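J.: Chains as they are written, first to last, in our numbering: chain A, 10 to 188; chain B, -6 to 268.
What follows is a structure written as C-alpha cells; I'll ask about it next.
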C-alpha cells in the first residue's frame, strides 16, 4: 500500500530533479530522463501491475509538466515498461552492454515516436531535431541506464542483503546475456 | 471468476493502457493546455523543483566559487593592470580636456585684441626669489624678438628678455626688475606698476590726493612703447597713505595666476596682420 501512496510523490521528485539537472547541465537543450530509466528498470524488477502503474504515473506527471498533449508520454512509458518486462524474461540484465544498448534503443525509438506524433498529429516540424536532440538524448540515456541499474543493485544489496528478484522471474527459463 | 483471478494483473495493465490511449485521444482533440490535472501537477511539483533547484544550485555555486577562486589571483593581477592602464588613459584625456579649456580662453583673448600673436607653451618656470621668469618654446625662428609683450588670460604676463632660436625667456611683471607703465581704469590716473614677488606688485608714483580705492583695476597705459594699451594687469589690494611719503603705497594683486601658467601668447606686431 505504501508503494501506491508514495508513487506519485516519487514521480514528482524524480521529474523535478531531472528538470533541474537538465537545466544545469545542458541549459535546458537536452533532458536527462531519469524517469525513463526508472520505467526501464521497473520493467526488469517490478511485477506487472506495480510496474504498469509506475509507468502510468511517471508518464502522466511528465505529460502534465512537459508535453503539449496529456497522454503521449503515458502511452510511451507504458509501452516501454511492457517491452522491458517482456524482455526481462528472455535476457539477463547483468551485462552492462546489454542494458546500455537497450536503454539507447528504447530512448531512440521513443524520441522518433514523439517526433512522428508531433509531425502527424500536431503538425510540428521537428524532424530536424533527430540528429541534434534525439540522438544525443538517446546516447545519454544509453550511458546512464547501466549506471542507474548498478546503483539500484547496490541499494538492493544494502537493503535486502542480495539483489531483489520478483516472483515471476525466479524461474530458469530466461536466456543469459552474459558473454 | 477464475479467469479474472488468474489474469488480474494483465487485465489491470490492459485497462491502464486503454485508459492512457483514451486520454491521449481525448487530449489531442480537446486539450487546450489548461486541464485541472496539469495545474495540480504543476502546483505539486513546484516545491520539489524549488528544493531540488536550491540544492543543485548551491552545489553549482560552490563549485563556481571554487573555480573562480582558483583563477582569482591571476584575474586580480590582470584587473589591477587594466586599472592602471585606464587611469593613465584617463589622465591623458583629462589633461587634453584642461588643455582645450585653456586654449579656448587663450583664443578668446586673441580674438579680443587686435594684434598678431604667436602662441607658445611654457616649458620652464624660474620663479625664484630673485628672478621671476618663465621659458617658452618659441624663439627667433618663430619671429619673436626681445621686448615683445607676453599675455595670457586674463591679462599681461611680462615681456621677452632673452630670445634664442627656439626658446625664449619671459620676464614676468611680478619680477622686481619689471616696470610697466599703467593707469587706473576708473580714474585714469597714471603710475608705474612694479613687480614685488609672486602674485604681488606695487603701483608707484600715485600722489596722495588721488582717488584710489581697493578693487580698482589697473591696465597698461600703452606708453613706453613696450606694452600695448588696455591690457589687464591687476587689482588694487591695499591702499595706504603714509605721512612722510609723497605717494600712496598701493599693493596690487595680478590678474594672471603665474603658478598655473601653461600657454601664453606673444604679441608679435602692433597690428593684427594675420587677420
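For every residue, glycine included, the Cβ atom is placed at its ideal position computed from N, Cα and C.
On a predicted model such as this, the values are computed, not experimentally measured, just so you know.
Contact defined as beta carbons within less than 8 Å: I believe residue 30 of chain B pairs with residue 79 of chain A. What is the distance between those atoms, to the nearest angstrom?
T.: Along the second chain, read from residue 1 onward, the residue named residue 30 of chain B stands at position 37. Along the first chain, read from residue 1 onward, the residue named residue 79 of chain A stands at position 70. 7 Å between Cβ atoms; contact.
J.: Taking 8 Å as the cut-off, decide whether the C-beta atoms of residue 176 of chain B and residue 199 of chain B are in contact.
T.: Position 183 of the second chain, counted from the first residue, corresponds to residue 176 of chain B. Position 206 of the second chain, counted from the first residue, corresponds to residue 199 of chain B. The answer is no: Cβ separation not under 8 Å.
J.: Give, in chain order, every residue of the region 86 to 110 of chain A whose Cβ lies closer than 7 Å to some Cβ of chain B.
T.: Cβ contacts with chain B come from 87.
J.: Are any of the Cβ atoms in chain B nearer than 8 Å to that of residue 121 of chain A?
T.: The sequence position of residue 121 of chain A within the first chain is 112, counting from 1. False, the Cβ-Cβ gap to chain B never drops below 8 Å.
J.: Checking contacts by CB at 8 Å: is residue 83 of chain A closer than that to chain B?
T.: Taking the first chain and counting its residues from 1, one reaches residue 83 of chain A at position 74. Closer than 8 Å: yes.
J.: Is residue 152 of chain B helix, strand or coil by DSSP?
T.: If you number the second chain from 1, residue 152 of chain B lands on position 159. Residue 152 of chain B falls in the strand class under three-state DSSP.
J.: May I ask you to report which of helix, strand or coil DSSP gives residue 157 of chain B?
T.: Counting from one through the second chain, the residue named residue 157 of chain B turns up at place 164. Looking at residue 157 of chain B - three-state DSSP - the assignment turns out to be coil, as it is neither helix nor strand.
J.: What does DSSP give as the partner residue(s) for residue 172 of chain B in the beta ladder?
T.: In the second chain, residue 172 of chain B corresponds to position 179, counting from 1. According to DSSP, residue 172 of chain B bridges with B:187.
J.: Measuring only the C-alpha atoms, how far is residue 61 of chain A from residue 86 of chain A?
T.: As a position in the first chain, residue 61 of chain A is number 52, starting the count at 1. As a position in the first chain, residue 86 of chain A is number 77, starting the count at 1. Between residue 61 of chain A and residue 86 of chain A, the C-alpha separation is close to 9 Å.
J.: Residues of chain B with a CB under 8 Å from the CB of residue 4 of chain A: which are they?
T.: Because chain A spans 10 through 188 in this model, residue 4 of chain A falls outside it and cannot be assessed.
J.: Are the beta-carbon atoms of residue 58 of chain A and residue 89 of chain A separated by less than 8 Å?
T.: Position 49 of the first chain, counting from 1, holds the residue named residue 58 of chain A. Position 80 of the first chain, counting from 1, holds the residue named residue 89 of chain A. Contact flag unset, no.
J.: Tell me, which residues are paired with residue 244 of chain B by DSSP?
T.: Within the second chain, the letter at position 251 stands for residue 244 of chain B. Bridge partners of residue 244 of chain B: B:195, B:231.
J.: Residues in the same chain with beta-carbon distance under 7 Å from residue 268 of chain B, minus the five sequence neighbours each way, listed in chain order, please.
T.: Residue mapping note: residue 268 of chain B aligns to position 275 of the second chain, counting from 1. Caution applies to residue 268 of chain B, whose pLDDT of 39 falls short of 50 and renders its modelled position unreliable; the value that the coordinates give is listed next. So no residue of the chain qualifies.
J.: Does the distance from the C-beta atom of residue 210 of chain B to that of residue 183 of chain B stay below 8 Å?
T.: In the second chain, the residue the question calls residue 210 of chain B occupies position 217. In the second chain, the residue the question calls residue 183 of chain B occupies position 190. Not closer than 8 Å, so no.
J.: Shortest alpha-carbon distance to residue 207 of chain B belongs to which of B:20, B:94, B:195?
T.: On the second chain, position 214 is the one that residue 207 of chain B refers to. Out of B:20, B:94, B:195, B:195 has the C-alpha closest to the C-alpha of residue 207 of chain B.
J.: Whole angstroms is fine: what's the gap from residue 94 of chain A's alpha carbon to residue 5 of chain B's?
T.: Within the first chain, the letter at position 85 stands for residue 94 of chain A. Within the second chain, the letter at position 12 stands for residue 5 of chain B. If you take the alpha carbons of residue 94 of chain A and residue 5 of chain B, they lie about 15 Å apart.
J.: CB residue 145 of chain B to CB residue 249 of chain B, shorter than 8 Å?
T.: Reading the second chain from its first residue, position 152 is the one you call residue 145 of chain B. Reading the second chain from its first residue, position 256 is the one you call residue 249 of chain B. Yes, the pair counts as a contact, with Cβ atoms nearer than the cut-off.
J.: Compare the beta carbon distance of residue 67 of chain A and residue 48 of chain A with 8 Å and say whether it is the shorter of the two.
T.: By one-based count along the first chain, residue 67 of chain A stands at place 58. By one-based count along the first chain, residue 48 of chain A stands at place 39. Against a cut-off of 8 Å, the Cβ pair of residue 48 of chain A and residue 67 of chain A comes out as a contact.
J.: Along the beta strand (DSSP E) that carries residue 260 of chain B, what are the first and last residues, could you check?
T.: Reading the second chain from its first residue, position 267 is the one you call residue 260 of chain B. Residues 256 to 262.
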